[in-house]
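Comments concern the structure below.
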Amino acid sequence: AACNSNPTPCKDPPDKLFTVHGLWPSNWILPDPIFCKNTTITPQQIGHIEAQLEIIWPNVFNRTNHLAFWNKQWNKHGSCGYRTINDEIQYFESVIKMYIAKKQNVSKILSKAKIKPEGKNWTRAEIIDAILISTNNMTPKLKCQKNNGT
4 AACNSNPTPC
14 KDPPDKLFTV
24 HGLWPSNWIL
34 PDPIFCKNTT
44 ITPQQIGHIE
54 AQLEIIWPNV
64 FNRTNHLAFW
74 NKQWNKHGSC
84 GYRTINDEIQ
94 YFESVIKMYI
104 AKKQNVSKIL
114 SKAKIKPEGK
124 NWTRAEIIDA
134 ILISTNNMTP
144 KLKCQKNNGT
């Protein structure tokens, strides 16, 4: 979605994957909170998980600067997850855990339902149904972006 709705061309990985764009705290009623505190993540802090993040949470617009993208996501969204997410490392480790350990790998879930990130448009209902089936009825919160009115 980010690649289709942005004027900056994406640098897709050779094996097309659905990747993480962000983990956003939500209260489901009010607008999602943003920019709750401002800190900077250093390479030393995430060195032990950087390789995993580059695969599942890449900066699709600039593959040479993932850290800037991760800092933006942490400051805008992750910093608002306090009480559930205590710090930057827990935020990023939570994404890895969700993606790998808790089987919330969206690429695998959608692939299992024969939904691929190329070649066909899919309805919101088809995507939600595939996720519900693979996550014991956990309802995803999807955000659609218009691309030339579509």
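In terms of my numbering, the sequence shown opens at residue 4 and continues consecutively.
Even for Gly, the Cβ is constructed at its ideal location relative to N, Cα and C.
Bear in mind that the values here come from a model prediction, so they are computed numbers and not experimental data.
Any C-beta of chain C sitting closer than 9 angstroms to the C-beta of Thr42? Within the model displayed, chain C is absent; a lone protein chain is all it includes.
Compute the Euclidean distance between the alpha carbons of His24 and Leu70, then round it to the nearest angstrom. 13 angstroms
Should Pro61 go down as buried or exposed, given a rule of 16 or more other Cβ atoms within 10 Å for buried? buried
Which runs of the alpha helix (DSSP H) at least 4 residues long sit entirely within the segment 16-104? Give them in chain order. 46-49, 53-59, 69-79 and 91-99
Alpha carbon to alpha carbon, what distance is there between Ser110 and Gln55? 15 angstroms
Could you give the distance in angstroms between the alpha-carbon of Ile99 and the alpha-carbon of His51? 12 angstroms
Going by Cα to Cα distance, which pick from Cys13, Gln107 and Ser114 is closest to Pro3? As displayed, the chain neither begins before 4 nor continues past 153, which places residue 3 out of reach and without an answer.
When the Cβ atoms of the segment 111-119 are set against those of the segment 130-142, are three or more pairs found closer than 8 angstroms? yes
Exposed or buried, what is Ser82 when buried is set at 16 or more other beta-carbons lying within 10 Å of its beta-carbon? buried
Does DSSP put Glu121 in a helix, a strand or coil? coil
If you draw a straight line from the alpha carbon of Pro12 to that of Met101, how long is it in whole angstroms? 28 angstroms
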